[in-house]
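In the numbering used here, the protein residues as written are 9 to 104.
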């Protein structure tokens, strides 16, 4: 019983972080760019990834689909960072 409560509390907190990140990205687009707002939005998406319950803790297919959708921004951030690191590694080949 307590495990189920903790699982749904984590899911609720993750959804809250996801909504905060989405709001901040929308705020960046409408109000102008701010590095601090961008950093908080990225941190909110990263927190969403780590807060969302993994594995067989969720007993609902709907929650599994929601989990996959809210994990997309984290996957995009990770993909961009991996690309930047790979560009930095291949830059050594360009130098004489």
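By construction, the Cβ of each residue, glycine as well, lies at the ideal position given by its N, Cα and C atoms. Everything numeric in this text was worked out from a predicted model, so none of it was measured.
Where the alpha helix (DSSP H) containing residue i begins and where it ends
i: residue 44; result: 43-59
i: residue 29; result: 10-39
i: residue 75; result: 69-78
Under 7 Å between C-beta atoms of residue i and residue j
i: residue 14; j: residue 32; result: no
i: residue 25; j: residue 49; result: no
i: residue 66; j: residue 72; result: yes
Exposed unless 16 or more other CB atoms sit within 10 angstroms - verdict on residue i
i: residue 3; result: Nothing can be reported for residue 3, as the shown portion of the chain is limited to 9 through 104.
i: residue 95; result: exposed
* Are at least three pairs of beta-carbons, each pair with one atom in the segment 52-64 and one in the segment 74-89, less than 8 Å apart? -> yes
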